[in-house]
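Each residue of the sequence shown is one higher than the one before, counting from 1 in UniProt numbering. Where a beta carbon is used, it is the ideal one built from N, C-alpha and C, also for glycine. Nothing here was measured: the structure is a model prediction, and the numbers come from that model. Worksheet: one structure, shown below.
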Amino acid sequence: MILQSVDADIVYVNALTPNNAYWVRAAKQLKINAVYHSHNDSGLYSNPLKAVAAAIMKPFNQYTLSYAVKLAASLDSGQYMFGKKARFEVVYNSIYTSKWKFNPLERIKIRNKLNIKNDKKVIVSVARLE
């Protein structure tokens with residue numbers, strides 16, 4: 001088991017479905033605290049067989065998640081992941097999208113500062129958890 005080789009105080013799972021609950025199960029077996037953070041409010045399965053399997057496993061995964069501290073990005077994502085009667089904390093995404101609105105003048109200024117040519121693609125990810 002990969003967690004046995006790590007001296008961890010906590011296992012943090014950033015998840016879109018309950019199917020990552022095995023990390024919580026492993027943490028529990030090793031007596032490591034676990035946090036499960038839900039970011040989705042519906043199933044993501046385009047394959048019907050996977051959707052059926054996920055629906056069958058969901059109650060078992062939710063039972064496993066009872067060991068973890070439960071966080072959600074919204075009320076809907078928490079209810080989807082943990083169940084409507086489950087207790088969880090909502091930690092809303094704290095990115096102010098208006099601050100990151102595209103500004104062509106800023107684009108030029110920053111590209112010049114970083115010596116990035118106009119024909120080069122730049123991908124930025126903004127995220128933070130405190």
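- Secondary structure of N112 (DSSP, three-state): helix.
- Listed in chain order, the beta strand (DSSP E) runs fully inside the region 47-72 are 69-72, counting runs of at least 3 residues.
- For V11, the enclosing beta strand (DSSP E) begins and ends at 10-15.
- The closest CA to that of L71, considering only N40, A53, D7, is found on N40.
- Between Y67 and V24 the beta-carbon gap is near 6 Å, inside 8 Å, which marks them as a contact.
- Comparing alpha carbon positions, the residue from A27, L16, A21, K84 closest to D9 is A27.
- When DSSP states are grouped into helix, strand and coil, S98 belongs to the helix group.
- Here L105 is exposed, its C-beta having fewer than 16 other C-beta atoms within 10 Å.
- By the Cβ neighbour-count rule, S38 is buried, with 16 or more other Cβ atoms within 10 Å of its own.
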